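Residues in the sequence shown are numbered consecutively from 1, following full-length UniProt numbering.
Heads up, the beta-carbon is just placed ideally off N, CA and C, and yes, glycines get one too.
It should be emphasised that the depicted structure is a prediction, and the values quoted were computed from it without experimental measurement.
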Amino acid sequence: MTTDGGAPAGLRRGQVAAAADVNIETLRYYERRGLLAEPNRSPGGHRLYPSEAVTVLRVIKAAQRLGFTLDEVADLLELGRHRHGKLVDAGLQQRAREKLVEVEERIADLVTIRDNLSAAIDAGCDDLVACASEECCPIPFTAITIHPDSRAASVEEGS
1 MTTDGGAPAG LRRGQVAAAA DVNIETLRYY ERRGLLAEPN RSPGGHRLYP SEAVTVLRVI
61 KAAQRLGFTL DEVADLLELG RHRHGKLVDA GLQQRAREKL VEVEERIADL VTIRDNLSAA
121 IDAGCDDLVA CASEECCPIP FTAITIHPDS RAASVEEGS
């Protein structure tokens, strides 16, 4: 691919990083992870990225902000490369639904944390160890230290 003047077309690393609002190290990392295709090189050896690289970088950053891990982003990008207009199991819609469930669970956990911290502040707790041994302690130490999944397992074992 060349420009009208015969010079190779494409964006250099700094241009891509600036356009996508990432630093060059992030760009290099995504390339090493396979999230971003290795670019062509100019006759002088400079990496020349297609303009689509900026879009891919923006998609990666947006997916991360939506809570997807880089491994999950890699899977989503791979799915997109292989769809060719066909529906594929566990595409973006399914993955987004699954991520939404995870986010809702984290929000519920954060609400519990907020409520417990507010109760500790309202009760004037100054020492966690001393507070834990008091009957009036508002922090449910036992309840918040046992993961819900382990509670279900212990109930099943006791049945």
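- Counting only runs that start and end inside the segment 68-127, the alpha helix (DSSP H) elements of at least 4 residues fall at 70-82 and 92-123.
- Note that the segment 89-107 touches the segment 63-77; at least 3 beta-carbon pairs, one per stretch, sit closer than 8 Å.
- In the DSSP assignment, residue 135 falls outside any alpha helix (DSSP H) and carries neither an H nor an E.
- For residue 48 against residue 10, the beta-carbon gap comes to about 3 Å, under 8 Å, which counts as contact.
- With the rule of 3 Cβ pairs closer than 8 Å, the segment 130-137 does not count as touching the segment 101-117.
- Per the coordinates, the alpha-carbon of residue 118 lies some 30 Å from the alpha-carbon of residue 68.
- Between the alpha carbons of residue 58 and residue 26 lies a distance of about 12 Å.
- For residue 24, the enclosing alpha helix (DSSP H) has its first and last residue at 24-33.
- Per DSSP, residue 9 lies in no alpha helix (DSSP H) and is assigned neither H nor E.
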